[in-house]
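In numbering that gives the first Met the number 0, the protein residues as written are 0 to 254. Every residue gets a Cβ at the ideal spot worked out from N, C-alpha and C, and that includes glycine. Structure, as structure tokens:
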Amino acid sequence: MPETTIRKFTVGMACYGDNDGVEENNLTHLRHPYRGTDDTFLEHHLESSDPIKQFAVWMNEAIAHKGVIEANAMSLSTVSSDGKPSSRMVLLKGFNNDGFKFYTNYNSRKANEMATNANVALMFYWNTMHRSVRIEGKATKIETSNSTEYFSTRPRKSQIAAHVSIKQSYPIESRDKLLEVEKDIEKRYKGVDVPKPEYWGGYIVKPESIEFWQGQSNRMHDRLRFRKRESNENVTTNPCLREGENGWVYERLMP
Ligand SMILES: Cc1cc2nc3c(=O)[nH]c(=O)nc-3n(C[C@H](O)[C@H](O)[C@H](O)COP(=O)(O)O)c2cc1C
């Protein structure tokens, strides 16, 4: 079967042509260098043994890093009531000791899943820095007043779009249909502020574990995972466990 080379990828033509089958597209040659062995992330490199403060350090470095376009973009994984996971990207809009905040539509698939199972996972990947952060915890809705306040700061077009997407993730017949509804909403709120739809708002994820990952070219990656100390754990008798601040402990994980 003929093959087409797209940049460095070799892609089976069946993906693009009208052949029946799809060839296996081999990507085993893709290998990007990460950090060198003299550029490690060791325990003494932590600027804080409170993972929220350490996250603030990495987030600020990611925001300042030229190669990172949207440092606050993260994947959010939820689990359905029948145990099936799903992931999507959302934007982190704030964090503090209480957790990590994002905004969405309370009628969406993610919202339905979080309503039956509050356990979620967040993940950041700042590829040009060879860093990733994994967070696991429980999501709860934030105060409506907090969502209303944030909604009022959004661009008007985004506010209108929130009214158009009344049931995010449900099928709609065409883009034209969406544009029709958009026009109606624009007419409805002509000359006045666009109110927050009642089905739109924020969540906060209270973290139970936070892992800082920094990649090495030789795959001997650095991984420091913080978690809440369990009642029977003792840092003096467990050589893997280190004392953190504010009830956290941390440990190095095998790469
Ligand atoms: C970079 C990026 C950022 C996004 N940010 C958000 C967000 O903050 N809130 C949101 O509801 N959807 C956001 N989306 C869209 C979601 O990924 C997703 O399509 C939508 O929320 C529906 O997901 P669901 O059907 O699983 O609920 C973003 C998508 C991308 C690629």
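Rounded C-alpha distance that separates residue i from residue j
i, j, result
"E250", "G214", "17 Å"
"G35", "D221", "12 Å"
"F99", "E60", "18 Å"
"S157", "T115", "28 Å"
"Y33", "T77", "29 Å"
"T235", "T39", "26 Å"
"M219", "F211", "14 Å"
"I209", "I51", "8 Å"
"N303", "E46", "Absent from the model: residue 303. The displayed extent of the chain is 0 to 254, so no value can be given."
"K137", "Q53", "20 Å"
"N245", "V132", "19 Å"
"R87", "N106", "15 Å"
"E135", "E229", "16 Å"
"F42", "N217", "Looking at the sequence provided, one finds Glu at residue 42 rather than Phe. About 20 Å."
"D97", "N24", "44 Å"
"M113", "K140", "10 Å"
"M253", "G93", "30 Å"
"N111", "S79", "8 Å"
"Y188", "A161", "13 Å"
"L178", "S48", "50 Å"
"W125", "P84", "23 Å"
"A117", "T127", "32 Å"
"F123", "S74", "7 Å"
"E232", "W247", "11 Å"
"K182", "S168", "20 Å"
"D37", "L90", "33 Å"
"T147", "E242", "39 Å"
"L29", "H129", "16 Å"
"R155", "P196", "13 Å"
"Y102", "C239", "37 Å"
For residue i, three-class secondary structure by DSSP
i, result
"T147", "helix"
"V21", "coil"
"P254", "coil"
"A138", "strand"
"T27", "coil"
"S131", "strand"
"R174", "helix"
"A120", "strand"
"R34", "strand"
"S76", "strand"
Presumed contact (8 Å Cβ cut-off) between residue i and residue j, rounded CB distance
i, j, result
"V180", "V163", "5 Å"
"E207", "R226", "7 Å"
"Y198", "N104", "6 Å"
"Y149", "G82", "Wrong, their Cβ atoms sit about 32 Å apart, outside the cutoff."
"L121", "V67", "Not quite, the Cβ-Cβ distance comes to about 17 Å (not below 8 Å), so this is no contact."
"F58", "A72", "Before going further, note that residue 58 is Met rather than Phe in the sequence given. So it is not a contact: roughly 12 Å between Cβ atoms."
"V193", "I159", "6 Å"
Which full runs of the beta strand (DSSP E) of 3+ residues lie inside the stretch 177-247, going along the chain? Runs found: 199-213, 221-227.
Can you list the beta strand (DSSP E) stretches of 3 or more residues lying completely in the stretch 85-114, in chain order? Runs found: 93-95, 98-104.
Below 7 Å from a heavy atom of ligand 1 - residues by beta-carbon: If you measure from each CB to the nearest heavy atom of ligand 1, the residues under 7 Å come out as E69, A72, S85, R87, M88, V89, L90, F101, Y102, T103, N104, S107, R108, K109, A110, Q167, S168.
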